Amino acid sequence: MADKQIIISVKNLVKQYDDFTAVKGISFDVYEGEIFGLLGPNGAGKTTTLEILETLREKSSGEVLIDGLNVDKDQNRIKNIIGVQLQAAGYYPSLTLLELLDLFSGLYNVTIDKKHTLAMVGLEDKAKSKYKDLSGGQKQRFSLCTTLINNPKIVFLDEPTTGLDPQSRRNLWEMIRQIRAKGTTVVITTHYMDEAEELCERVAVMENGEFVALDSPDQLIDNLLAGGFVRKKEVKAANLEDVFLALTGKEWRDE
Amino acid sequence: MLAITVASLRSIFRNPSTVAFSFAFPLIFIVVFGFIGNRSIKVAVGVVPGSDTTSQVYNMLRSRPEIKLITNETNVAMLELLEKGKLDGILNIQKSSDTSKAPYQFALQTSKASAEGGAMIQMFMMHSVDQANLAAAASQTQLKPSAELRSEEVSNHAYKSIDFILPGMLGFSLLSMGVFGTAFVFLNLRNTLVIKRFFATPIRKPYIVLGEALSRVLFALISSSFIIILGRFVFGFTLVHGLFTFFNMLVLTFIGLFVFMGFGFIISGLAKTESAVPPLANLITLPQFLLAGTFFPISVFPTWLQPIPKMLPLTYLNDAMRKVAFEGLSLFQVWDDILVLFIWGVVVYFFATRLFKWE
Chain A
-2 MADKQIIISV KNLVKQYDDF TAVKGISFDV YEGEIFGLLG PNGAGKTTTL EILETLREKS
58 SGEVLIDGLN VDKDQNRIKN IIGVQLQAAG YYPSLTLLEL LDLFSGLYNV TIDKKHTLAM
118 VGLEDKAKSK YKDLSGGQKQ RFSLCTTLIN NPKIVFLDEP TTGLDPQSRR NLWEMIRQIR
178 AKGTTVVITT HYMDEAEELC ERVAVMENGE FVALDSPDQL IDNLLAGGFV RKKEVKAANL
238 EDVFLALTGK EWRDE
Chain B
4 MLAITVASLR SIFRNPSTVA FSFAFPLIFI VVFGFIGNRS IKVAVGVVPG SDTTSQVYNM
64 LRSRPEIKLI TNETNVAMLE LLEKGKLDGI LNIQKSSDTS KAPYQFALQT SKASAEGGAM
124 IQMFMMHSVD QANLAAAASQ TQLKPSAELR SEEVSNHAYK SIDFILPGML GFSLLSMGVF
184 GTAFVFLNLR NTLVIKRFFA TPIRKPYIVL GEALSRVLFA LISSSFIIIL GRFVFGFTLV
244 HGLFTFFNML VLTFIGLFVF MGFGFIISGL AKTESAVPPL ANLITLPQFL LAGTFFPISV
304 FPTWLQPIPK MLPLTYLNDA MRKVAFEGLS LFQVWDDILV LFIWGVVVYF FATRLFKWE
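So the sequences go chain by chain: A and B.
Going by the working numbering, the first residue of the first sequence is number -2, and it counts up by one from there.
Going by the working numbering, the first residue of the second sequence is number 4, and it counts up by one from there.
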């Protein structure tokens, strides 16, 4: 890890709302080319933290550098090098995917191969469909592909797989791995521990606006076991999700 | 920014209710009111200065409530008013010293600009003159008529009801498009987080508003052109200077929509949910719909009510539209109307910038 370049540096980040502190002085670094997971229950401050990194929200205090750029001063330059998937994404519902890609490439002032962009997320058949007619998984996939339009250095994904069926989830994981394989850093929030375990090099666990753990999933599990933790139920070599996938097939469907 | 304009414009055209409201709605009104025609009961008659006011006929005219006699205008001014259809007729009464003629000579001028009013006043005059003559004949033995009427029509293009209805309807459709459209769109973009997604891209905030606004303006120009052209060729709407007038009207369309969109911005800032938009928007559009001279001239309102229409921005847009379309005035000649709209614009945007919310 030591030889890795730091691409996001957060020091003593605090976000204070009127009578409530959402983020209470967290510090962490994200290394270039890794998948970094932000875990925690609802209301722990994951989305707030993410939105501050995305320059969508002002922080109360602390220092945040994105690829060396300060979130206070260089918002527009940061926006040019990041891709953002919001938890609840907003798109003009009655436009087709091609038209939406026109819009977003216009916003980033780049020209893209629309067909190729859609093909990356397996939506080339849906090019002329309207956004509102897509299924949940397709919407998430489209949302993911809009984050890639500007060829970002860092992609922020806020609960990208929430509400998806196991097939779509696995499919999305595959896409996230492909993004990472191209050298893009990925910061992801999720409620699914299997997802974090599967995807992330390192995860931070948040609770009440603070980090309670920050390490690789493997190390965190080892730490817990070293503390004498024993699972109540004997773990079998397969779980119910494996059964489900074995029964219904692994390939994702056009829902 | 243009990318937002294109996307937003596409979005507008995909929305059936917007399209229906801006194209079909005004047309339905135009058709309906076009068929009803203008049933003005009052006629305004100008009396040439120096006319003899001692005759019995003149007294009869004065006693009729539906006839308004205007006695304080010059000849030239009255003729101009007549050509614009604002006067229904001009009356000249002279006492004749020629004993071979009737002692009272009535000359009536009417115009096609107010064909119905002209016909009414003419009928009324004929009737009054006949009556006066009958009365004279009964009281005296002489058979010579005491009054004589000559009528003449000032040649002029006809002022049809469409010439009144269309500009009003256009103004109103701009008002509702500006207020409802803008309010709903920005609320929607905010609630569906489209705006938030935009924020995550390098686009700057003012460009988001400009892009959206521009798409509304383009849409309004398209629908206005459609209404004007259809009005011109199907209903015979008068464009005095043809294409030039048409473009002047589009300029007014732009100015009007710009002011009205300000109201929309204010509402989108005030309303928290979509259901809060219609009451607020109606509060702004309905009074103007009824009072701003959309379907009938504001002169029909009682005097105590007059100050209200005279404050509304739509009144001035309608007024400017009509003057440009029918009277052929240039935009500079309706500067007073545009000035009022401009003042409204300044006031509205002052509040809009304060109340507008991004999230």
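For glycine and all other residues, C-beta sits at the position ideal for the given N, C-alpha and C.
Keep in mind that this is a model prediction, so the values were computed, not measured.
Going by C-alpha distance, which of the options is nearest residue i?
i	options	result
N73 (chain A)	A:N106, A:A85, A:A193 and A:I32	A:N106
L120 (chain A)	A:R177, A:Q135, A:L50 and A:T187	A:Q135
I3 (chain A)	A:L244, A:I63, A:C142 and A:P90	A:I63
S99 (chain B)	B:T185, B:A284, B:Q108 and B:F257	B:Q108
F167 (chain B)	B:D339, B:A116, B:R193 and B:K208	B:A116
V237 (chain B)	B:L72, B:I165, B:E76 and B:Y352	B:I165
Y148 (chain A)	A:K123, A:V183, A:Q137 and A:D130	The question names Tyr, but residue 148 (chain A) is Asn in the sequence shown. Nearest of A:K123, A:V183, A:Q137 and A:D130 to N148 (chain A), Cα basis: A:V183.
L12 (chain B)	B:V337, B:I269, B:D340 and B:V188	B:V188
S58 (chain B)	B:E86, B:A138 and B:F261	B:A138
H188 (chain A)	A:D155, A:Y88 and A:V68	A:D155
P316 (chain B)	B:F299, B:W307, B:L342 and B:F329	B:L342
E195 (chain A)	A:R174, A:E207, A:G133 and A:K179	A:R174
A235 (chain A)	A:A223, A:K1, A:D191 and A:T143	A:D191
V202 (chain A)	A:T46, A:G65, A:E238 and A:Q164	A:T46
Roughly how many whole angstroms lie between the Cα atoms of residue i and residue j?
i	j	result
L221 (chain B)	L253 (chain B)	11 Å
S43 (chain B)	E69 (chain B)	With a pLDDT of only 48 at S43 (chain B), under 50, the local geometry of the prediction cannot be trusted, and no value is derived from it.
P290 (chain B)	S114 (chain B)	33 Å
I311 (chain B)	K56 (chain A)	49 Å
M129 (chain B)	A135 (chain B)	10 Å
L53 (chain A)	K360 (chain B)	15 Å
G267 (chain B)	L5 (chain B)	21 Å
N41 (chain B)	P170 (chain B)	Bear in mind that the predicted position of N41 (chain B) carries a pLDDT of just 47, short of 50, making it too unreliable to give a figure here.
K233 (chain A)	L211 (chain A)	28 Å
L94 (chain B)	W338 (chain B)	33 Å
V46 (chain B)	D91 (chain B)	6 Å
F226 (chain A)	P214 (chain A)	16 Å
G259 (chain B)	L94 (chain A)	34 Å
A355 (chain B)	G265 (chain B)	6 Å
G34 (chain A)	E198 (chain A)	8 Å
E204 (chain A)	K129 (chain A)	35 Å
V48 (chain B)	R193 (chain B)	57 Å
G59 (chain A)	E51 (chain A)	15 Å
Can you name the residues of chain B whose CB is closer than 7 Å to the CB of residue i?
i	result
A85 (chain A)	L196
E256 (chain A)	Within the shown structure, residues of chain A are numbered from -2 to 252, placing residue 256 (chain A) beyond reach of any answer.
K76 (chain A)	A203, T204 and P205
I want to verify the contact list: residues of chain A whose CB lies under 9 Å from the CB of residue i, in sequence order.
i	result
V46 (chain B)	Within chain A, no residue comes near V46 (chain B); the closest Cβ sits about 52 Å away, beyond 9 Å.
L5 (chain B)	G103
Residue i touches chain B at which residues, Cβ-Cβ below 8 Å?
i	result
V285 (chain A)	Residue 285 (chain A) lies beyond the stretch modelled for chain A, which goes from -2 to 252, so this question has no answer here.
N73 (chain A)	P205 and R207
Give the range of the alpha helix (DSSP H) segment to which residue i is assigned.
i	result
E83 (chain B)	N78 to E86
F298 (chain B)	Looking at the DSSP string, F298 (chain B) is not in any alpha helix (DSSP H), and its letter there is neither H nor E.
A234 (chain A)	From DSSP, A234 (chain A) is part of no alpha helix (DSSP H); its letter is neither H nor E.
R177 (chain A)	P163 to A178
N95 (chain B)	Where N95 (chain B) is concerned, there is no enclosing alpha helix (DSSP H), although the beta strand (DSSP E) it sits in stretches over G92 to K98.
T44 (chain A)	K43 to L50
Locate the beta strand (DSSP E) running through residue i, then write down its first and last residues.
i	result
G134 (chain A)	Segment G133 to T143 is the alpha helix (DSSP H) holding G134 (chain A); no beta strand (DSSP E) there.
V350 (chain B)	No beta strand (DSSP E) contains V350 (chain B), which is instead part of the alpha helix (DSSP H) from W338 to L358.
S227 (chain B)	Counting along the chain, S227 (chain B) falls outside any beta strand (DSSP E), though it belongs to the alpha helix (DSSP H) covering K208 to V237.
F153 (chain A)	I151 to D155
R199 (chain A)	R199 to E204
Q72 (chain A)	Per DSSP, Q72 (chain A) belongs to no beta strand (DSSP E); it is in the alpha helix (DSSP H), Q72 to I78.
L112 (chain B)	One detail in the question is off: residue 112 (chain B) reads as Gln in this sequence, not Leu. Start and end: Y107 to S114.
Q13 (chain A)	I3 to Y14
V209 (chain A)	E207 to D212
T28 (chain A)	Here residue 28 (chain A) is Tyr; the residue named in the question, Thr, does not match the sequence. Here the beta strand (DSSP E) through Y28 (chain A) covers F17 to Y28.
What does residue i reach in chain A if we use C-beta pairs closer than 7 Å?
i	result
F202 (chain B)	L53
Please state if the CB of residue j and the CB of residue i are separated by a distance shorter than 8 Å.
i	j	result
L255 (chain B)	V327 (chain B)	yes
Q216 (chain A)	S140 (chain A)	no
T181 (chain A)	V152 (chain A)	yes
G214 (chain B)	I15 (chain B)	no
G120 (chain B)	T248 (chain B)	no
G42 (chain A)	V20 (chain A)	yes
G87 (chain A)	K275 (chain B)	no
A10 (chain B)	Y28 (chain A)	no
I230 (chain B)	L173 (chain B)	yes
What residues of chain A sit near residue i, judged by a beta carbon separation below 8 Å?
i	result
A274 (chain B)	Chain A residues near A274 (chain B): none, gap ~18 Å exceeds 8 Å.
K199 (chain B)	L53, L83 and G87
Using a threshold of 7 Å, is the CB atom of residue i nearer than that to any non-hydrogen atom of the ligand FMN?
i	result
F201 (chain B)	Only the bare structure without any ligand can be found here, which leaves the ligand FMN out of the picture.
Applying a beta-carbon distance threshold of less than 9 Å, which residues of chain B neighbour residue i?
i	result
N67 (chain A)	Near N67 (chain A) there are no residues of chain B at all, since even the closest Cβ is about 16 Å away, more than 9 Å.
* In the region 98 to 110 of chain A, which residues sit with their C-beta less than 9 Å from some C-beta in chain C, listed in chain order? -> Structure shown: chain C not included; protein chains present are A and B.
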